[in-house]
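Residue numbers (UniProt numbering): 1 to 113.
Here it is, written out as structure tokens:
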């Protein structure tokens, strides 16, 4: 059986860099969920109830066995009464900011106008 290290060594430097970058993103996601829950002073069960998912789903998110989807993120923020902002910058197009909250679930605006 090939080891993780051997598999990584067989990949191109660009592919290894992409994998490493995604792994770092996943760790940030895990920390963000834990930090948010901790900041709110909630157990996994309490947090899960508040955001409308199972405790096991929160556990899987926090231990990294399940990735945080955009849908999860959006639902968590909305369930907690918050807003999220997604900024998209495209070549030859400019910047679009998408706002999501319980009041404005899919409002789009151009911050330059």
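Ideal placement from N, C-alpha and C gives every residue a C-beta, glycine not left out.
I'd like to know whether the C-beta atoms of residue i and residue j end up nearer to each other than 7 Å.
i: residue 79; j: residue 52; result: yes
i: residue 29; j: residue 68; result: yes
i: residue 8; j: residue 16; result: yes
Sorted by chain position, which residues of the same chain lie with C-beta nearer than 7 Å to residue i's C-beta, five sequence neighbours on each side aside?
i: residue 87; result: 95, 97
i: residue 25; result: none
On the DSSP bridge list, what partners appear for residue i?
i: residue 96; result: 88
Apart from the five residues on each side of it in sequence, which residues of its chain come closer than 6 Å, Cβ to Cβ, to residue i?
i: residue 33; result: 61, 62
i: residue 66; result: 60
i: residue 37; result: 47
i: residue 27; result: none
i: residue 5; result: none
i: residue 55; result: 44, 45, 48
Could you check if residue i is buried or exposed, using at least 16 other CB atoms within 10 Å of its CB as the buried criterion?
i: residue 159; result: Any answer about residue 159 is impossible in this case: the structure gives the chain only from 1 up to 113.
i: residue 58; result: buried
i: residue 76; result: buried
Excluding five sequence neighbours on each side, which residues of the same chain lie with their C-beta closer than 8 Å to the C-beta of residue i?
i: residue 20; result: none
i: residue 11; result: 19
i: residue 128; result: No answer is possible for residue 128: it lies beyond the span of the chain, which begins at 1 and ends at 113.
i: residue 35; result: none
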